[in-house]
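Right, one structure below, let's go through it.
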Amino acid sequence: MERKLVLKKDIKEAFERVGVRQGQSIMVHTSLGSLGFVCGGAQTVIESLLESVGEEGTIMMPTQSWKNLDPESGVHWEEPREWWQAIRDNWPAYVKEITPTNTMGAVAEMFRSWPGAKRSDHPARSVAAYGKYADYLTKDHDLSNIFGDGSPIGKLYELDGYVLLIGVGYDKNTSLHLADARAEYPGKHLEKESSAILVDGKRVWKTYETLYVDGKDFKEIGEAFEQQKTVWKTELGNGSITLMRQRELVDFAVEWMEHNR
46 MERKLVLKKD IKEAFERVGV RQGQSIMVHT SLGSLGFVCG GAQTVIESLL
96 ESVGEEGTIM MPTQSWKNLD PESGVHWEEP REWWQAIRDN WPAYVKEITP
146 TNTMGAVAEM FRSWPGAKRS DHPARSVAAY GKYADYLTKD HDLSNIFGDG
196 SPIGKLYELD GYVLLIGVGY DKNTSLHLAD ARAEYPGKHL EKESSAILVD
246 GKRVWKTYET LYVDGKDFKE IGEAFEQQKT VWKTELGNGS ITLMRQRELV
296 DFAVEWMEHN R
């Protein structure tokens with residue numbers, strides 16, 4: 046496929062077509078490369094988002110640093126087992142102003158340090174936000190409550206926010222984890238995770254209990270959701286973008302999980 050040129054005006058026009066408006070609170074997931082050649086790269090996408098929602102709006106993105114988990118969980122699959130204890134002992138503690146993202150994409154990596162952006166304190170599953178509700182969304186991100194009620198994703202639900210997928214599918218749709226936290230189904234369980242954090246200025250390898258993160262059926266849930274509910278889609282460069290109401294997605298996914306898991 047021939048790579049298409051994407052300008053800032055193209056991005057903003059696409060946002061307008063799907064219904065991005067001033068004052069909205071939106072969780073955004075992006076794959077910059079899927080769009081083609083975006084003139085200005087990640088900066089252009091972020092500027093387009095912030096201008097589209099305006100001063101009364103809020104943009105949030107996942108800025109996860111999940112390499113800061115115990116190697117036993119599989120996050121360091123490319124490293125030999127004999128290194129695992131050394132990783133536990135030496136992995137840098139999470140510092141929200143410094144710690145890079147892992148596989149969140151170029152846009153989220155730039156957004157985490159965007160002037161005025163706030164980032165949550167979770168060492169492995171953080172989010173960053175900019176705008177009216179940035180403080181509210183990012184504060185008090187508890188170690189054991191990654192994606193449930195009271196987490197950044199849960200707070201977006203309270204705000205009746207939106208989800209915007211830019212060149213990615215439902216397997217990247219973090220809001221489905223809120224449905225996972227709410228749904229009741231066989232096999233649902235907690236697990237122990239560990240991360241390097243700072244406690245009183247000193248690095249500590251902290252173990253905490255949280256819901257097992259399960260997203261293997263998210264694509265299937267997304268397909269069912271789009272067949273039954275309203276989403277807004279449009280093409281952008283070589284990819285597409287999709288906007289949906291987060292509450293509608295989460296409520297649908299809870300029911301789906303309880304019937305199908």
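Letter by letter, the sequence shown follows residues 46 to 306 in my numbering.
Every residue, glycine too, gets a C-beta built ideally from N, C-alpha and C.
- Within the same chain, Gln-109 and Ile-191 come within 6 Å of Arg-170 by CB-CB distance, once the 5 residues on both sides are set aside.
- Considered as a whole, the region 202-289 harbours 221-227 and 263-273 as its complete alpha helix (DSSP H) runs of no fewer than 4 residues, in chain order.
- Around the beta carbon of Asn-113, 16 or more other beta carbons lie within 10 angstroms, which makes this residue buried.
- When beta bridges are read from the DSSP output, Phe-82 appears opposite Leu-50.
- Here the C-alpha atom of Pro-107 lies approximately 12 Å from the C-alpha atom of Pro-145.
- Non-local C-beta neighbours of Gly-267 in its own chain, meaning closer than 6 Å and more than five positions away in sequence, comprise Tyr-215, ordered along the chain.
- With respect to Phe-297, Phe-263 sits apart: the two C-beta atoms are not nearer than 9 Å.
- Around the beta-carbon of Gly-195, fewer than 16 other beta-carbon atoms lie within 10 Å, marking it exposed.
- Take the alpha-carbon of Ser-220 and the one of Asn-305: they are about 18 Å apart.
- Collapsing the DSSP output to three states places Met-72 in a strand.
- Taken atom to atom, the span from the alpha-carbon of Glu-61 to that of His-222 is near 27 Å.
- Restricting attention to beta strand (DSSP E) runs no shorter than 3 residues, the region 149-213 encloses them at 172-176 and 207-211, ordered along the chain.
- Look at Pro-137 here: in three-state DSSP terms it is coil, with no helix or strand label.
- Gly-102 sits away from Glu-92, with the two beta carbons spaced by 9 Å or more.
- Measuring C-alpha to C-alpha distances from Arg-248 to each of Arg-48, Leu-80, Pro-168 and Ile-71 identifies Pro-168 as the nearest.
- Judged by DSSP in its simplified three-state form, Ile-104 adopts strand.
- Counting C-beta pairs closer than 8 Å gives three or more between the region 201-212 and the region 67-83, which meets the contact rule.
- Here Met-105 has Met-72, Val-172, Ala-174 and Leu-182 as same chain residues with Cβ atoms under 6 Å from its own Cβ, once five neighbours each way along the sequence are excluded.
- DSSP places Glu-300 inside the alpha helix (DSSP H), whose first and last residues are 291-305.
- Under the three-state reduction of DSSP output, Lys-112 falls in the coil class, being neither helix nor strand.
- Close CB contacts of Ser-158 within its chain, under the 8 Å cut and outside five residues either way in sequence, are with Glu-142 (chain order).
- For Arg-126, the secondary structure class from DSSP, reduced to helix, strand or coil, is helix.
- In the displayed model, Gln-67 falls within coil according to three-state DSSP, outside both helix and strand.
- Rounded to whole angstroms, Lys-233 and Arg-292 show a C-alpha spacing of 22 Å.
- With fewer than three CB-CB distances shorter than 8 Å, the region 252-259 does not count as touching the region 277-295.
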